[in-house]
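Visitor: Those sequence lines, one after another, are chains A and B. According to our numbering, the first sequence is numbered sequentially starting from 1. According to our numbering, the second sequence is numbered sequentially starting from 415. All C-beta atoms, glycine included, are put in the ideal place defined by N, C-alpha and C.
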Amino acid sequence: MTDKQTPLQKRTLKDFIAFIIAELKPRGKIFTPFNIITAPILALGIILVVYRLINGLGSVVTEAPGFPWGIWIGFNVMVGVAFAGGAYVLTFVVYILRSEKYHPIIRATILNGFLAYVFYAGAIFLDLGRWWNIVNPLIGNKFGVNSVLFLVAWHFLLYMIAEFIEFSPAFAEWLGLKKIRKILHSFTLGAVIFGITLSTLHQSGLGALVMMAKPNIHPLWYTEFIPVLFLVSSVFAGLSMVIFEGTISTRVFGNQLTDDFRRSYDDIVLGLGKTCAAVMFVYLFLKALVLIHGANWSLIATPMGYWYLTEVVGLTLIPCILFLRGFRDRNIKIIRMAAILTMAGIIINRCNYVFIAYKWYVPLSERYIPSWQEVVMALTIVFAHIWVFRWIVHRMAVYRKPPAWTIKEDRHAA
Amino acid sequence: MDRRTFLKRIGIGMAGMTCGGILAPGRLNAQGVAEETEFLSILIDTTRCIGCRSCELACAETYDLPIPDIEDDSVFKEERRTTETQWTVVNRYETDKGTVYAVKRCMHCNQPACVAACLVKAMKKEEEGPVTWAENCMGCKMCAFSCPFEKAVLETHSPTPRIRKCLLCWDKRLVKGEIPACVEACPTEALVFGTRRELLEEARTRIYQHPDRYVHHIYGETEVGGTSVMYLSAVPFEQLGFRTDLGTTSLPELSTGFLYAVPIIFVLWPAFLLGVHRATQKEED
Ligand code: SF4
Ligand code: SF4
Chain A
1 MTDKQTPLQK
11 RTLKDFIAFI
21 IAELKPRGKI
31 FTPFNIITAP
41 ILALGIILVV
51 YRLINGLGSV
61 VTEAPGFPWG
71 IWIGFNVMVG
81 VAFAGGAYVL
91 TFVVYILRSE
101 KYHPIIRATI
111 LNGFLAYVFY
121 AGAIFLDLGR
131 WWNIVNPLIG
141 NKFGVNSVLF
151 LVAWHFLLYM
161 IAEFIEFSPA
171 FAEWLGLKKI
181 RKILHSFTLG
191 AVIFGITLST
201 LHQSGLGALV
211 MMAKPNIHPL
221 WYTEFIPVLF
231 LVSSVFAGLS
241 MVIFEGTIST
251 RVFGNQLTDD
261 FRRSYDDIVL
271 GLGKTCAAVM
281 FVYLFLKALV
291 LIHGANWSLI
301 ATPMGYWYLT
311 EVVGLTLIPC
321 ILFLRGFRDR
331 NIKIIRMAAI
341 LTMAGIIINR
351 CNYVFIAYKW
361 YVPLSERYIP
371 SWQEVVMALT
381 IVFAHIWVFR
391 WIVHRMAVYR
401 KPPAWTIKED
411 RHAA
Chain B
415 MDRRTFLKRI
425 GIGMAGMTCG
435 GILAPGRLNA
445 QGVAEETEFL
455 SILIDTTRCI
465 GCRSCELACA
475 ETYDLPIPDI
485 EDDSVFKEER
495 RTTETQWTVV
505 NRYETDKGTV
515 YAVKRCMHCN
525 QPACVAACLV
535 KAMKKEEEGP
545 VTWAENCMGC
555 KMCAFSCPFE
565 KAVLETHSPT
575 PRIRKCLLCW
585 DKRLVKGEIP
595 ACVEACPTEA
605 LVFGTRRELL
615 EEARTRIYQH
625 PDRYVHHIYG
635 ETEVGGTSVM
645 YLSAVPFEQL
655 GFRTDLGTTS
665 LPELSTGFLY
675 AVPIIFVLWP
685 AFLLGVHRAT
695 QKEED
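#1: Could you check whether residue 163 of chain A and residue 110 of chain A sit closer than 8 Å to each other, using their CB atoms as the reference points?
#2: Along the chain, where does the beta strand (DSSP E) containing residue 456 of chain B start, and where does it finish?
#3: Is residue 543 of chain B closer than 8 Å to residue 668 of chain B when the C-beta atoms are compared?
#4: Under the criterion of a Cβ to heavy atom distance below 7 Å, does residue 579 of chain B qualify as lining ligand 1?
#5: Kindly list, in the order they appear in chain A, the residues whose Cβ is closer than 7 Å to that of residue 573 of chain B.
#6: Is residue 624 of chain B buried or exposed, if buried means 16 or more other CB atoms sit within 10 Å of its CB?
#7: Cβ of residue 309 of chain A within 7 Å of any heavy atom in ligand 2?
#8: Using a strict less-than 6 Å threshold between each residue's beta carbon and the heavy atoms of ligand 1, what residues do you get?
#9: Starting from residue 605 of chain B, trace the beta strand (DSSP E) in both directions and tell me its first and last residue.
#10: Would you list the residues sitting across from residue 354 of chain A in a DSSP beta bridge?
#11: Quick one: does the C-beta of residue 211 of chain A sit closer than 7 Å to a heavy atom of ligand 2?
#12: May I ask you to verify whether the region 129-140 of chain A touches the region 390-400 of chain A, counting CB pairs closer than 8 Å and requiring at least 3?
#13: Find the residues of chain A that neighbour residue 553 of chain B, judging by a C-beta separation of less than 9 Å, and give them in chain order.
#14: Taking only three categories from DSSP, how would you classify residue 445 of chain B?
#15: Report yes if the C-beta of residue 555 of chain B is less than 7 Å from at least one heavy atom of ligand 2; otherwise report no.
#16: Since I believe residue 406 of chain A is in contact with residue 181 of chain A (beta carbons under 8 Å), could you give me their beta-carbon distance rounded to a whole number of angstroms?
#17: Does residue 556 of chain B come within less than 8 Å of chain A when only Cβ atoms are used?
#18: Express the C-alpha separation of residue 42 of chain A and residue 373 of chain A in angstroms, rounding to a whole number.
#19: Is residue 665 of chain B near ligand 2, going by C-beta to nearest heavy atom under 7 Å?
#20: Given a threshold of 16 other Cβ atoms within 10 Å of its Cβ, counted over all protein chains shown, does residue 630 of chain B qualify as buried or as exposed?
#21: Could you check what DSSP says for residue 477 of chain B in three-state terms: helix, strand or coil?
#22: Just the C-alpha distance for residue 348 of chain A and residue 311 of chain A, rounded to the nearest angstrom, thanks.
#23: Against chain A, with Cβ distances strictly below 8 Å, would residue 683 of chain B count as a contact?
#24: Taking only three categories from DSSP, how would you classify residue 645 of chain B?
#25: Measure the Cβ-Cβ separation of residue 334 of chain A and residue 317 of chain A and say whether it is below 8 Å.
#26: For residue 127 of chain A, count the other beta carbons within 10 Å of its own beta carbon; 16 or more makes it buried, fewer makes it exposed. Which is it?
#27: Where does residue 502 of chain B sit, in a helix, a strand or coil, going by DSSP?
#28: At the 8 Å Cβ level, is residue 196 of chain A part of the contact set with chain B, yes or no?
#29: Of all the CB atoms in chain A, is at least one closer than 8 Å to the CB of residue 535 of chain B?
#30: With 16 as the cutoff for other CB atoms within 10 Å, does residue 313 of chain A come out buried or exposed?
#31: Mapping the DSSP letters down to three states, classify residue 466 of chain B as helix, strand or coil.
#32: For residue 560 of chain B, which residues in the same chain have their Cβ closer than 7 Å to its Cβ, ignoring the five residues on either side in sequence?
#33: Pick out the complete beta strand (DSSP E) segments inside the region 258-309 of chain A, 3 residues or longer, and give them in chain order.
#34: Residue 173 of chain A: buried (16+ other C-beta within 10 angstroms of its C-beta) or exposed?
#35: Between B:550, B:554, B:533, B:534, which lies nearest to residue 125 of chain A when the distance is taken from Cα to Cα?
#36: Taking 7 Å as the cut-off, is the beta-carbon of residue 145 of chain A closer than that to any non-hydrogen atom of ligand 2?
Below is the structure:
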């Protein structure tokens with residue numbers, strides 16, 4: 001892969017189209033194991049998406065009366081958005097606290113966050129029975145301003161725009177648009193502040209979303225603090241995702257990494273691990289308070305109670321300790337393991353609110369269990385995200401150094 | 415950073431705040447429908463119900479739903495739930511006091527969770543009380559997720575699904591001044607129609623006059639902040655398949671705290687972030 005984008009100063013439209021077409025072509029090896037596994041799933045998934053949009057939800061989704069939401073909302077939307085939390089946390093650290101340490105991974109994280117919103121917030125679309133009406137809350141075919149979902153929907157949209165602006169300088173570099181890059185670059189701080197505010201609100205908003213369903217949610221999970229718990233957990237969910245994503249990206253995109261990046265990478269991961277541990281500690285503290293306050297001790301010794309302990313002890317407390325150990329011993333492996341456990345914990349936590357601890361009293365035979373089509377489509381969304389991410393990393397300055405002219409320009413601007 | 419860029423950045427922050435003002439909730443549903451208007455209601459006296467299912471038939475005829483075979487007793491074998499084609503279902507329960515029939519449908523809550531949940535106001539609490547649905551719905555199922563009675567049901571097997579549930583005959587009969595079809599069809603007057611206030615009085619009178627016949631509770635009087643469909647029973651309501659753990663707070667109130675906090679955060683957070691950003695600025699900038 002050669003960096004061939006020496007920006008052309010004066011470009012005709014024809015050159016531009018030729019450039020885009022050239023860029024659209026795949027780069028790198030085509031028959032990698034990852035591609036061989038994901039391509040068929042993607043193909044099948046796309047067919048299923050079209051099929052579902054034409055024939056209605058019932059054609060692919062498990063019918064479980066009383067369980068309106070399944071893995072698309074529980075896993076794709078709720079978990080996807082929590083995992084995308086890394087972007088707002090790191091933009092806070094890098095642009096607001098001006099920590100140079102995390103600068104090398106900021107672009108990848110923002111890109112990942114942006115794509116996560118496009119694909120995972122986009123997963124809502126799949127779950128909409130009347131998807132052609134998706135624009136209604138935006139164009140004002142009645143504003144349900146009292147609805148938490150209304151707020152979340154708007155925030156998703158605005159946040160996507162904010163994240164796109166944060167990432168857009170890389171886009172402009174790719175296209176060699178110097179002037180436009182300069183303008184976009186000057187928007188960054190505004191977009192960051194706006195984006196962090198939006199994130200705070202919709203990460204907690206996703207929690208507030210389930211609050212009205214209080215009678216339907218197991219008392220061990222229901223508390224008035226759900227929005228706070230969602231917000232706090234999005235911090236370590238997002239950072240764990242950054243660690244996990246980095247593990248893979250540093251291997252796959254190894255040839256793009258700058259020396260700077262290699263040198264500082266271990267420190268970055270250690271720092272992220274330490275932050276995760278601290279935030280998880282706060283989260284666990286809150287969880288304990290809620291449990292004591294709710295006086296639900298007796299429920300712990302029930303099957304749902306064991307499930308609760310699996311989530312809170314097995315997949316939050318233990319990774320929290322692992323993060324600490326990993327940080328103390330400077331052991332990246334342990335931190336990675338902790339990140340994976342944390343992510344599993346988040347998946348279980350979010351799905352609990354949507355369909356596991358939701359209507360816990362319904363016997364197993366009548367419960368929601370995803371159909372294979374739902375699983376394929378859920379995976380399709382994840383793989384589509386990864387494919388687009390890879391496509392962009394290969395073409396734009398995500399991990400590698402931005403083109404030389406930008407550095408000169410930034411210095412000039414500062 | 416010179417002053418101009420700084421001002422520009424402030425400007426962006428301000429734009430964000432105004433946006434927050436627009437997007438933040440104005441009047442909250444919990445407040446909006448809480449004023450005790452005279453909601454139209456149905457009182458269901460389960461001690462009078464004979465399980466004839468005439469109401470099911472009347473409902474299906476009014477709304478062009480598949481006509482049920484009301485002679486068929488086998489439907490009582492299992493407790494049925496309302497579906498997209500059966501908006502009112504009679505169930506049979508074996509209780510301490512023998513067989514009791516109870517008819518279930520949307521409760522037309524006073525402060526409905528489904529209405530507060532809807533992001534396009536497709537679910538609507540009419541001023542007269544019925545909870546109705548409109549075509550601008552997105553099918554997000556947020557209403558179904560929030561309903562404590564599992565009564566908002568999306569037609570899954572249709573490419574153009576609608577939320578289907580009892581509408582209290584709002585569009586077909588109430589607007590014409592007629593009473594709901596099920597009430598009219600009931601041969602034993604197990605169902606009576608009136609304003610909520612009248613019906614509560616009627617229910618209390620019945621309990622007062624026959625203290626041994628009824629448990630001293632009107633289901634729906636206070637459950638989730640009160641409902642417009644209310645029940646009388648001879649046996650504790652658990653035995654008739656009712657949830658008795660719902661509490662008396664209206665469900666929309668549970669998320670108002672969050673919604674109130676939104677505009678505040680929207681104003682304070684950007685200002686705070688900008689402040690921190692300025693504070694961390696290095697000298698040479
Ligand atoms: S019973 Fe359910 S669907 Fe009916 S008004 Fe109440 S919340 Fe809405
Ligand atoms: S499914 Fe329709 S009626 Fe129900 S909350 Fe969503 S948009 Fe509103």
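Guide: Concretely, from the data shown:
#1: yes
#2: 454-459
#3: no
#4: yes
#5: 54, 55, 56
#6: exposed
#7: no
#8: B:520, B:521, B:522, B:523, B:526, B:527, B:528, B:545, B:561, B:563, B:565, B:566, B:579
#9: 605-609
#10: DSSP lists no partner for residue 354 of chain A.
#11: no
#12: no
#13: 57, 127, 128, 129, 130, 131, 133
#14: Bear in mind that the predicted position of residue 445 of chain B carries a pLDDT of just 38, short of 50, making it unreliable; the figure below should be weighed with that in mind. Helix.
#15: yes
#16: 7 Å
#17: yes
#18: 12 Å
#19: no
#20: exposed
#21: coil
#22: 7 Å
#23: yes
#24: strand
#25: no
#26: buried
#27: coil
#28: yes
#29: yes
#30: exposed
#31: coil
#32: 527, 528, 531, 665
#33: none
#34: buried
#35: B:554
#36: no
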